[in-house]
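See structure below.
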Amino acid sequence: MSKPSIPKGTRDFGPRAMARRQWVCSTIRGVFERHGFLPVETPSFENLKTLTGKYGEEGDKLIFRILNNGDYLSKANAEALISKDSKLLTPTISKKALRYDLTVPFARFVVMNRNELTFPFRRYQIQPVWRGDRPGKGRYQEFTQCDADIIGSTSALCELDLVQVFSEALDALGVPGYTVLINDRRILAAVALSMGVGADRLTDWTVAVDKYDKVGVEGVVKELEVRGFDHDVASGIEKLFEINSASNSLDVLSNIASVISSNSEGMKGVSDMRTLLSRATADGIDAPKIKFDAMLARGLDYYTGAIFEVRVADSPVGSICGGGRYDDLTGIFGWSGMSGVGISFGVDRIEDVLTHFNKFPDALDLTTDVLVMYMNEKNCDVELQLVSQLRSQGLAVEMYPDPVKLKKQMKYAGDRDIPFVVMIGDAERTAGKVTLKNMSDGSQELLLTTEVFKYVSS
RNA sequence: GUGGGUAUAGCUCAGUUGGUUAGAGCACUGGUUUGUGGUACCAGGGGCCGUGGGUUCAAAUCCCAUUAUCCACCCCA
2 MSKPSIPKGT RDFGPRAMAR RQWVCSTIRG VFERHGFLPV ETPSFENLKT LTGKYGEEGD
62 KLIFRILNNG DYLSKANAEA LISKDSKLLT PTISKKALRY DLTVPFARFV VMNRNELTFP
122 FRRYQIQPVW RGDRPGKGRY QEFTQCDADI IGSTSALCEL DLVQVFSEAL DALGVPGYTV
182 LINDRRILAA VALSMGVGAD RLTDWTVAVD KYDKVGVEGV VKELEVRGFD HDVASGIEKL
242 FEINSASNSL DVLSNIASVI SSNSEGMKGV SDMRTLLSRA TADGIDAPKI KFDAMLARGL
302 DYYTGAIFEV RVADSPVGSI CGGGRYDDLT GIFGWSGMSG VGISFGVDRI EDVLTHFNKF
362 PDALDLTTDV LVMYMNEKNC DVELQLVSQL RSQGLAVEMY PDPVKLKKQM KYAGDRDIPF
422 VVMIGDAERT AGKVTLKNMS DGSQELLLTT EVFKYVSS
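Letter by letter, the first sequence follows residues 2 to 459 of the numbering used here.
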């Protein structure tokens with residue numbers, strides 16, 4: 002017995018899920034467009050070289066590679082093949098890979114199209130991405146991201162713009178109890194330095210710190226020790242945690258500032274964060290919707306300035322949005338000095354959250370407005386004419402394709418939640434009229450074909 | 001990658017200390033009702049009991065292996 006199946010970490014989306022997902026995407030798209038972002042799409046797969054080395058060591062492992070076509074083994078590295086060295090073998094048999102996110106392909110796009118684009122360039126992109134992660138709650142191997150990026154400006158107004166997008170979109174979606182967490186990689190680096198963590202160990206350190214919300218302070222301390230940091234560094238975390246637990250974001254920033262006051266880059270971060278918070282407040286975006294979190298680190302390698310993450314209280318899944326500033330992502334593709342900042346909404350996790358809290362609006366499901374019954378096998382001209390007429394008036398109309406028993410056609414309309422049914426039997430045909438049945442209350446009216454639209458649309 | 005659970009109809013699941021014809025609900029088809037859905041009643045179709053081996057007179061049931069899947073850990077938007 003071979004039942005069909007789909008790969009783990011992937012899902013089919015039926016009409017109901019699609020109605021919800023399309024609503025989520027179009028809501029976000031609307032906000033993007035009101036902020037002047039322009040749409041872009043890129044291929045689902047890229048040259049492997051475009052993607053590798055951008056997501057950190059762990060991230061690179063999760064990139065789905067595409068096997069070369071043809072007799073790929075003939076060109077494989079023979080030595081690697083014999084010694085079963087996958088790491089060495091892979092680049093010789095795979096030259097393409099599925100995109101891991103939308104930001105890196107966008108950076109590649111910007112470099113390739115630099116002459117046609119007007120900067121600062123704002124683009125949005127809504128497409129699926131793929132990660133070879135172990136699937137779990139809220140984690141899929143294929144999922145859809147809605148990205149908005151502004152590239153070609155270092156202004157802190159860009160960060161404000163994106164924070165506004167977060168707030169407007171999440172409010173419009175009705176996501177309950179969300180918080181936009183913000184931090185700055187420069188602050189993180191300065192704090193680490195003040196504890197004696199050099200730039201070379203910074204990634205290691207941030208990865209450990211990032212786990213704080215999962216494992217708590219003791220967990221992070223333990224993690225740091227496992228990673229070979231000395232005791233002073235580990236105990237420094239306890240102090241950082243204490244600073245971070247102040248209730249007011251500005252207080253946290255002040256305390257941080259006193260720790261890193263001698264670090265000019267770090268202080269620049271602090272001042273940018275202060276500006277961002279006060280401008281957001283002026284725009285009505287305040288705690289608990291936005292919060293500075295000194296422990297927020299995020300995994301991706303390419304962030305250099307502000308970083309964002311959106312979490313939902315009591316959520317069944319992890320963060321639903323992420324983002325940050327990357328100062329030189331285009332530099333890797335040969336064009337330096339293009340600072341960008343972007344955010345990403347996770348459609349799938351937003352769907353999970355709204356489903357979990359039962360917050361989807363009612364009546365998202367699309368259905369046909371009118372079903373025309375097929376009653377007279379010999380002649381259905383009148384029916385087809387009515388169908389065309391109602392469609393041209395803007396209604397969604399279908400005719401039952403087979404002249405089967407009315408009971409069956411009626412059940413079909415009921416199962417599909419079609420609100421109106423038109424019957425044209427011998428009696429109606431003779432009278433030059435049609436019967437319109439309202440499926441919700443069962444009432445029926447004898448009408449001229451020209452009157453149907455008015456009844457249905459009222 | 002580690003530990004634990006699960007695998008029986010399209011779906012959700014029962015199935016006794018191993019015992020002869022493997023059940024229910026939902027869904028589906030037909031009927032009660034030849035021009036009327038949702039309710040009710042009646043009838044019907046549908047199963048290699050995940051796969052392979054073993055124990056036994058006898059296995060859905062016990063044992064071993066294997067695969068898939070779920071949960072936790074690990075890791076990670």
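C-beta atoms are modelled at their ideal positions from N, C-alpha and C, and glycine is treated no differently.
Going by the CB atoms, is the gap between residue j and residue i shorter than 8 Å?
i	j	result
R140	D148	no
P106	R115	no
A307	E169	no
P129	F110	no
G335	D150	no
A414	V405	no
C238	V222	Here residue 238 is Ile; the residue named in the question, Cys, does not match the sequence. Yes, they are a contact pair.
N264	A191	yes
K269	P136	no
V398	V388	yes
Q410	M440	no
T331	A77	no
V176	L365	no
Looking at the structure shown, is residue i part of a helix, part of a strand, or coil, going by DSSP?
i	result
L251	helix
W24	helix
N184	strand
V130	strand
F346	strand
P40	strand
N377	coil
M2	Unreliable placement is indicated for M2, whose pLDDT of 42 sits below 50; the coordinate value is still reported in the next sentence. In the structure shown, M2 sits in coil (DSSP, three-state: anything other than H, G, I, E or B).
Y413	helix
L68	strand
F293	strand
V405	coil
F334	helix
A77	coil
V313	strand
F1	As shown, the chain starts at 2 and ends at 459. That puts residue 1 outside it, with no answer to give.
Assuming the contact rule is C-beta atoms closer than 8 Å, residue i and residue j should be a hit. Round their C-beta distance to whole Å, please.
i	j	result
R187	E266	5 Å
I67	S95	6 Å
L1	A81	Lying before the first or after the last residue shown, residue 1 is absent from the chain, which here runs from 2 to 459.
D284	Q142	Actually they do not touch by this definition, with Cβ atoms about 37 Å apart.
G197	V234	6 Å
V25	E352	6 Å
K292	S250	5 Å
R132	L39	Not really, about 26 Å apart at Cβ, beyond 8 Å.
F454	L391	6 Å
Candidates the options: which alpha carbon is nearest residue i's?
i	options	result
L297	T204, D284, R35 and V398	T204
L367	D13, S6 and M19	M19
D287	D416, S75 and T180	T180
S444	V457, R392 and G197	V457
L385	I425, E352 and G338	I425
I333	P92, P402 and M113	M113
A103	A364, V41 and E117	The question names Ala, yet the displayed sequence has Leu at residue 103. Nearest of A364, V41 and E117 to L103, Cα basis: V41.
S248	A295, L171 and V218	A295
Y304	V210, K55 and V318	K55
I261	S279, S195, L301 and A432	S195
G153	A428, S441 and R326	R326
D363	R17, P5, S441 and S337	R17
A79	T93, D72, N69 and G71	T93
K50	G37, F65 and V348	F65
N359	N184, P5 and R21	R21
S320	I29, I183 and F242	I183
D172	V388, I29, K408 and M339	I29
A428	L448, P420, V208 and F361	L448
H36	K290, F122, R312 and P420	F122
G60	L225, D302 and S27	D302
R1	R202, D214 and L241	The structure shown does not extend to residue 1, since the chain spans only 2 to 459, so no value can be given for it.
E378	Y401, V371 and D214	Y401
R1	L241, K408, L158 and A77	Because the chain in this structure spans residues 2 to 459, residue 1 falls outside the shown range and cannot be described.
L118	R392, N380, M339 and A209	M339
V210	L396, P420, C381 and R299	R299
F346	S246, L163 and E47	L163
S459	L396, R430 and D403	L396
What does DSSP give as the partner residues of residue i in its beta bridges?
i	result
F421	V371 and N439
F358	According to DSSP, F358 bridges with nothing at all.
C147	I127 and F346
C159	DSSP output for C159 lists no bridge partner at all.
S262	None, per the DSSP bridge assignment.
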